[in-house]
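In my numbering, the protein residues as written are 21 to 333.
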């Protein structure tokens, strides 16, 4: 009986606890904040130990990106891509150039195309492609976003590609710290070309939009560029961003703990509000803002979920 009374006092507003659950008292809320900060520090230390640049809290790794890409290809009955050192170097050069010239696009402000970096690394290609991503927290979140975009998925699942290169580079872009992911695909010139019927629609150069189109080329001719963006492209990007918010694969451990704690608080404040309204006890407790607190927590939950949503082009 005494244990039940303690539980009531802790979680439910009633006469014994002066109509204020102990779990929602101000000093208890401060304890939650201290616990939250402590957990964040521990999680960052233990789950971000492989991060190469201090100050960045992402968990994105080249080997994971390659493995996840090949897993998606195997699901479709396609061959695995082999990682190529020259493609890795080309991807690294592209990422470094984006940071150096401070741009987020397939084509640099000075007109340098992605295929320039293939040439710089000495990779002779018959066919090539590029996917880009930024601001993600996890490797699985990056690949999931690419798979949710038709153009990026087409690159990722293109049966004509045989090799892959990856670069994950931390830096400062447009005034913000971020992690850039460059994914390059290639089919070396030495391989026997597939028949024209098999590659119709994939070997020709495709237009590039400024929103979220991936890039593919079958030759070393410049890629055609379209600066116009359609409403459907914007809507697709918005849907992808919203879907990314609820994609748990892109939540880091810190995010997961934060969301779990916020949901627990949301339930407590929601229950508190429900009981007070149902029993008409609001007049017995001054300065009660449980509903307002609940709405603030909802906003914090959505903000925490959105913080892991990145961009792909």
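Where a beta carbon is used, it is the ideal one built from N, C-alpha and C, also for glycine.
Put simply, the stretch 78-89 touches the stretch 155-168. At least three CB pairs are less than 8 Å apart.
Each residue's CA atom was taken as its position, placing residue 196 and residue 32 some 44 Å apart.
Residue pairing for residue 182: DSSP places it in no beta bridge. When DSSP assignments are scanned along the stretch 153-207, the uninterrupted stretches of alpha helix (DSSP H) that are 4 or more residues long and fall wholly within it turn out to be 159-167, 170-176. About 18 Å separates the CB atoms of residue 205 and residue 168; that is not less than 8 Å, and the two are not in contact.
Cβ atoms of residue 92 and residue 176 come within 8 Å of each other, at about 6 Å. When beta bridges are read from the DSSP output, residue 151 appears opposite 203. Residue 190 and residue 289 have their C-alpha atoms roughly 39 Å apart. In the structure shown, residue 51 adopts helical secondary structure according to DSSP, grouped into three states. When secondary structure is reduced to three states using DSSP, residue 103 falls in the strand class.
Distance from the CA of residue 113 to the CA of residue 279, rounded to the nearest whole angstrom, comes to 37 Å. Note: residue 79 is bridge-paired with 158 in the DSSP secondary-structure output. One Cα belongs to residue 292, the other to residue 198, and the distance between them is close to 40 Å. Secondary structure note for residue 126: it is in no alpha helix (DSSP H), with a DSSP letter that is neither H nor E. Bridge partners of residue 145 according to DSSP: 208. If you check the CB distance, residue 110 and residue 185 come in under 8 Å. Beta-carbon to beta-carbon, residue 119 and residue 55 are separated by about 37 Å, too far to satisfy the 8 Å threshold.
Nearest in C-alpha terms to residue 285, of all of 25, 24, 48, is 48. Nearest neighbour of residue 148 by Cα position, chosen from 101, 122, 121, turns out to be 101.
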